[in-house]
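Undergrad: Taking numbering that gives the first Met the number 0, the leading residue of the sequence shown gets 0, the next gets one more, and so forth. Even for Gly, the Cβ is constructed at its ideal location relative to N, Cα and C. Before I ask anything, here is the structure I am working with.
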Amino acid sequence: MRRNADELNKMRRAGKVVAEMHDVTRAAIRPGITTRELDALAAEVIKKRGATSNFLNYHGFPAVICTSPNSMIVHGIPGDVVLEEGDIISIDCGAIIEGYHGDAAYTAGVGTISKEAQRLLDVTERSLWAGIDQMVKGNRLNEIGRAVEKVALAANLGVVREYVGHAIGTAMHESPQVPNYWPGTPGPTLKEGMVFAVEPMLNLGGEDTILLSDGWSVVTADGSLSAHFEHTIAITDNGPEVFTAH
Ligand code: MG
Ligand code: MG
């Protein structure tokens, strides 16, 4: 769906709230902090900016951010988990302003992390930007995933296929989906005013996933580390505009 200027402006504002939630949580990540404390910091931003959370109560999700450490890919529930030196932690969160949604994620190291972990973070973030580079009007949607996958495979990383990006607007998850791989068809043509959340999830090992018994937490089947970077991006006449970055 294409959004008009007024709608895009609301999504831009929602995106800035999400960017601030990222700033505040990123600055607090250190050995000894719990994932519940990170959630509380993000909730303060939502409140201060007059936004509402699209994560809280989403199909019963109990928090405003997802916290997914180490081999957890996505959808971890904040709680008593204490971050330790050398961990990596993925933070995914969103916000709603006047009915319009933003959604973005990042993975950060806790203290000093291994070279392999750092490589995973660097390549996953780079794959996101390679996808964003494809978000120009006239291009086809699935060129995004093709670009993500190319970066991931060149670095010998596993590309999660069971969870994908999505269009976003008056709901967090709208159609169509945005896979992080070439699905075999080019998909719809990108037009100005379309907005998507692009979110590669890459693993140091294989692509297979397991859903844990809490019904939310998704981990790598082989126990390898996983990283997740996401932005909400609009197609404009002047190329991609990333709403969830400063
Ligand atoms: Mg997200
Ligand atoms: Mg998303």
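Name the residue from L120, Y57 and I234 whose alpha carbon lies nearest to the alpha carbon of S74.
TA: One detail in the question is off: residue 74 reads as His in this sequence, not Ser. The option with the nearest alpha carbon to H74 is Y57.
Undergrad: Measure how close the beta-carbons of A104 and E229 come, nearest whole angstrom, since I'm counting them as under 8 Å.
TA: Contact between A104 and E229 holds, since their C-beta atoms are separated by about 4 Å, short of 8 Å.
Undergrad: Would you mind sorting L211 into buried or exposed? The rule is 16 or more other CB atoms within 10 Å of its CB.
TA: exposed
Undergrad: Are three or more beta carbon pairs between the region 66-86 and the region 231-243 nearer than 8 Å?
TA: no
Undergrad: I'd like the list of long-range same chain contacts for P30, defined as Cβ closer than 7 Å, with 5 residues on each side in sequence excluded.
TA: L82, E83, E84, V109 and G110
Undergrad: Judging by CA-CA distance, which residue of W215, V135 and L55 is the nearest neighbour of G93?
TA: L55
Undergrad: Strictly by DSSP, which residues pair up with S52?
TA: DSSP lists no partner for S52.
Undergrad: Among the residues of its own chain, which have a CB less than 6 Å from the CB of S52, if the five just before and after it don't count?
TA: Only I45 and V63 meet the Cβ criterion.
Undergrad: List the residues that DSSP assigns as beta-bridge partners of A233.
TA: V194 and E240
Undergrad: Which same chain residues, not among the five before or five after T33, have their C-beta less than 7 Å away from its C-beta?
TA: D79, V80 and V81
Undergrad: What are the boundary residues of the alpha helix (DSSP H) that Q117 is part of?
TA: K114 to D132
Undergrad: Could you check whether M193 and R1 sit closer than 8 Å to each other, using their CB atoms as the reference points?
TA: yes
Undergrad: Rounded to whole angstroms, what is the Cα-Cα separation between D91 and T66?
TA: Rounded to the nearest angstrom, the gap between the Cα atoms of D91 and T66 is 7 Å.
Undergrad: DSSP three-state label for Y255, please.
TA: Because the chain here runs from 0 to 245, residue 255 falls outside it and cannot be looked at.
Undergrad: Hey, would you say the C-beta of D286 is under 7 Å away from at least one heavy atom of ligand 1?
TA: With the chain covering only 0 through 245, there is no way to say anything about residue 286.
Undergrad: Take the Cβ of R3 as the centre, count every other Cβ of all protein chains shown within 10 Å, and call the residue buried at 16 or more, exposed below.
TA: Checking the sequence shown, residue 3 turns out to be Asn, not Arg. Exposed: under 16 other Cβ atoms inside 10 Å.
Undergrad: Please report how far the alpha carbon of Y180 lies from the alpha carbon of E206, in whole angstroms.
TA: 12 Å
Undergrad: Identify every residue that forms a DSSP beta bridge with G75.
TA: Answer by DSSP bridge pairing: none, since G75 is not bridged.
Undergrad: Is any heavy atom in ligand 1 found nearer than 7 Å to the beta carbon of A103?
TA: Checking every heavy atom of ligand 1 against the Cβ of A103, one is found closer than 7 Å.
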